[in-house]
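All remarks here apply to the structure that follows.
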Amino acid sequence: MKKLSILFILLLTTIFLVWVFMPLGKDTAPTTIENSTKTDVIHLKFGHNIPVDSAMHEAAVKFAQEVKQKTNSHVIIDIFPSQQLGNDHQMVEMAREGDIDIILTPTAKMSVAVPSMQYADLPFYFPSRQDVYDMLDGEPGQMILNRLKPIGLIGVAFWENGFKHFTANEPLRSVEDFKDKKIRVMKSRIIMEQFRSFGAEPVPIDFHSTKQALHDKVVDGQENPLIAIVSMGFHEEQSDLTLSEHAYLGYVLSFSEKTFNKLPQNIQMILLESAKDVTPWEREETQRREAKLLDIIEQSGVQIHQISAQERQRFAKKTAHIAEEFEDIIGSDIISKTKELLYNKYGSHLNHENHILIGIDTDVSADSKVAGLAIKRGAEIAVEEINKKGGLLGRHLEVIVKDHRAIASKGVQNIQEFAENKHLAAIIGGVHGPVISAEIETIQKLKIPYLIPWAATAGLVNNGYKDNYIFRVSANDNIVANFLAKYTLKKYNKPAIIVVNSVWGRNNLKLMKQYFKKRNITEAAEVVFNRGQNSFDKEITEIVNSDADCVIMVANPIEASKILEGVKNRKKSLPIISHWGITSGDFFKKNEETIKELDLSIFQTFSFDNKLNVKGKHLLDRYRTKYSVEKAKEIKSSTGVAQAYDVVYLLALAIEKAGSLDKTKIKNALENLPNYQGVIKNYTPAFSTEDHDALDGRDYYMARYNKEGHLVPITDK
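Position 713 of the sequence shown, counting from 1, maps to 713 under the UniProt record's numbering, and the rest follow consecutively.
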C-alpha cells in the first residue's frame, strides 16, 4: 500500500512537470508585457490614420521590421492603419490608457492636448526645409516631445506628410496676390492669422468638404502638402500650384507610457533607436514621392510656380509677428531656443556683421516662465521701436533669450556663452535672485553690464564689488521688507512669516524681524520651506495654531498656490500679505477660486490699471497691438513688461553716450545718464556711481486681484 502511494505521487509529479514545460500550441494567445520572459514574444499595437500606400505607413512597416530584426523576433509590432483602431483623438486616449502601444498622430490633432505642437504651423518661420528638420530633431523638438509626458505619452520623433503649398486659379507668388482672396483653412488661430497678414480672408472648412468648396467657388484657394492635393483632387479644381514650403504638416510618433515602462530597458532602447533611425528614411521617401505627385499635377494641366527667395523674405516679414503673438501658447522656451539656434547659424536677421546684441538671461520654462516672457516682450517692444528709428550707433539691435530654467549653474553658463559674442552690449536678468547671486562673480570677472528688471534680492546690486557692473530697475528687498512690515502693522499686530529657503526668502525674513523687533513686535510664527516642497500641512498647522492674525508670505507661484490652498482649508482663514514672487507665474488663473475666498494683498511697483503717464499709455497700446491683447487685464506680469521696457531705453542712452560696445564705457555711461521719463517713473537720473538701484520706496504700493484677475492698487497703503 505504501509503495502504491509513492508511485501515485511520482506519477502526479511527472504529469505536472510535463504540463509546465510543454511548448505552447499555435492557438495560444500572444504573451503580454506583464508575464513575458526573455524567450516570450511581445506584441505591440501600432495605430495611425494613414492609408497603406503612404510613405508614413511604409515607414511604420520598416520600423516594425527593424525592431523585429534587432530583437530576434522577440518584439512583433502589429500595425493598424487607416483608423482601424479609432480616430486620432480616440487613439490618443487609448494610448494614454495603455490600450494601444504606439501611435502616429497629426501634430494638429495632438495640439488639442499639447498646444506646443502648433510649432510646425508657424508660416515662413524657418529659412529652409533642413532648418525645420534640425529644429524638430534638436532641442526645440525635444522640448515639444517632452510635453507629451504629462498626458501619459513618450514622444519619440516627428514624421511628415510633407510641406504645405498654395493652390488657386492664379499664381500666389507674392503677398499682394492674396489680397481679398478667400482661402480655405483648418480651424487654427495661427493659420487664420497667417492669411489675414497677407490681406486674405481665411475661411474654415472641413478638409473633406474642401474640394466641393473649391468647385463651387466658395473659396479661391487653399494650402496643403502635395499628397493631400492629389489624393483629394484639389488640383482638379484649381489651375495654379505655387510651391512655397511655407509650413510643415507633421506627425508625432509616440509610445504609451504605461506600455513603455513595462518593457525591459534593452527593448525600450531598441524602440527609441529604431524610430529615430527610420525618421530620415520617411522624410526622404515623402520627398521622393512628391516628385511623382508633381508630375501628376503638371500632367493634369495645372501651372506650377515657385516663390522666389526675395518674395519668401517678404512673406517671412509679414508673418514674423505670429511666432511672437502665439509664443505663450507654443512655449517661450521653444521659440527662444529656435531663435537662438537660427541666430547662431545665420547671425542677426537684420545684419550679421552690423548689429548690437542684448542678451536676456531668465527663466522661460519653469515656475516663473510667465514673468520671463513678460521681460522678453517688454525688451522686444523697446528694441523694435529703437530699430524703427534707425537703431544705435548706425546698427540695429537684436534680442536673444537664454533660458536658465531657475538653475544657477545654467545661468552662469548662459553668461559665459553670451560673453563670447563680439556683438554683445549687455545682459538683462530675470526673476530668480539665487540664480543672479551665483552669476555675480562671472559677471564681474567678464565686466558685462547686467541690468535687472525683476529680481529684488538686496545683495544683487549691493554686492560688495567696488567696480560694480550690476544695475536694477526693480524693487530692492532692503526697502521692500520694511515696506511689507509697515503695511502689515497698519492692520495687524501678530504676523506669522513664511518664506522660501533662498537668499531672497531668508533676507526678507531677517529684515522684517529686525523691523518688528525695533517696534517691540514678536512674530507669531516663523516658517521656512524648501523650493519644490509638495506638502505644507506641518507649516500651515504651525501658523494656524499660533496666535497669528495674518501671514506675510515670500514665495514663488508653485509653492504659494499650495500655501494658499492650505490656509483656505483651515477653519481659521488668515489674511495674506505677499511679496510679488507669486505674480511671476499664471497665478490667478490657477488659483482663482482659492483667491476669491481669501484676503490676499500683493506688493507691486507697476500696473497698467494705474494712472499711466504718456510713455505708459504708449507701451500699453504697443503691447495690445503687437500681441493682439484687447484689455490691459490680459497682460500677465505687467511689472516685468514695463521695467524691461525702461531697462532697454536706459541701456540705449548709455550705448549712445559710450559711443561704442566697450562694456566698461557702457557701465560708466549708465552711472552718468541724463534724466529720462520712463514708463515706471521719471528717472532723475536712474543711477549714479554710488547707487545702481533706480527705484525706491516711493515707487511701491500694494494691490489685490479683482474679479477679472487684474491687479488693482489698494488705495490705502
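Backbone N, C-alpha and C fix where the C-beta goes; we use that ideal spot for every residue, glycine too.
Asked: Beta-carbon proximity of L673 to P685, cut-off 8 angstroms; Found: yes
Asked: Integer-rounded CB distance, given that A168 should sit under 8 angstroms from Q265; Found: No, Q265 and A168 are not in contact; Cβ-Cβ is about 53 angstroms, not under 8 angstroms.
Asked: Beta bridge counterpart(s) of F46 as assigned by DSSP; Found: I79 and I102
Asked: Distance, V641 Cα to V500 Cα; Found: 25 angstroms
Asked: DSSP-derived helix/strand/coil call for Y450; Found: strand
Asked: Reduced DSSP secondary structure (H/G/I, E/B, other) of H404; Found: coil
Asked: Contact check, I76 vs K68, beta carbons under 8 angstroms; Found: yes
Asked: Counted within 10 angstroms of its Cβ, other Cβ atoms place Q643 as buried (16 or more) or exposed; Found: buried
Asked: C-beta contact flag for V461 and D693 at 8 angstroms; Found: yes
Asked: Burial state of M512 (16 or more Cβ within 10 Å); Found: buried
Asked: Contact belief for K164 with H246 at Cβ below 8 angstroms, rounded distance in angstroms; Found: 6 angstroms
Asked: Segment contact, 8 angstroms Cβ cut-off, at least three pairs: the region 700-712 with the region 588-601; Found: yes
Asked: Delimiting residues of the alpha helix (DSSP H) encompassing E284; Found: Q265 to Q299
Asked: Option nearest residue 722 by Cα separation, candidates N224, L489 and A475; Found: The question about residue 722 has no answer here: the residues shown for the chain are numbered 1 through 717.
Asked: Contained beta strand (DSSP E) runs [length at least 3] in the region 368-446, N- to C-terminal order; Found: 396-403 and 424-428
Asked: DSSP bridge partner residues for Q514 (one or two, in chain order); Found: DSSP lists no partner for Q514.
Asked: Option nearest D53 by Cα separation, candidates N161, G86 and E441; Found: N161
Asked: Residue range of the alpha helix (DSSP H) that includes I680; Found: Per DSSP, I680 belongs to no alpha helix (DSSP H) and is neither H nor E.
Asked: Cβ neighbour criterion (16 or more within 10 Å) applied to G141; Found: buried
Asked: Helix, strand or coil at M702 according to DSSP, with G and I counted as helix; Found: strand
Asked: Member of L650, K70 and E193 whose CA lies at the smallest distance from the CA of F315; Found: E193
Asked: Whole runs of the alpha helix (DSSP H) within the region 455-508, excluding any shorter than 4 residues; Found: 477-489
Asked: Beta-carbon gap between A496 and A548 smaller than 8 angstroms; Found: yes
Asked: Contact the region 58-72 vs the region 105-116: 3+ CB pairs below 8 angstroms; Found: no
Asked: Proximity of I190 and L122 at Cβ, strictly below 8 angstroms; Found: yes
Asked: Three or more C-beta pairs below 8 angstroms linking the region 242-261 and the region 113-133; Found: yes
Asked: Those runs of the alpha helix (DSSP H) which lie wholly inside the region 560-618 and span at least 4 residues; Found: 587-596
Asked: Three or more C-beta pairs below 8 angstroms linking the region 303-315 and the region 229-244; Found: yes
Asked: Burial state of I296 (16 or more Cβ within 10 Å); Found: exposed
Asked: Which of helix, strand or coil DSSP assigns to T28; Found: Per-residue confidence for T28 stands at a pLDDT of 38, beneath the threshold of 50, marking its modelled position as unreliable; the derived number appears in the next sentence. Looking at T28 - three-state DSSP - the assignment turns out to be coil, as it is neither helix nor strand.
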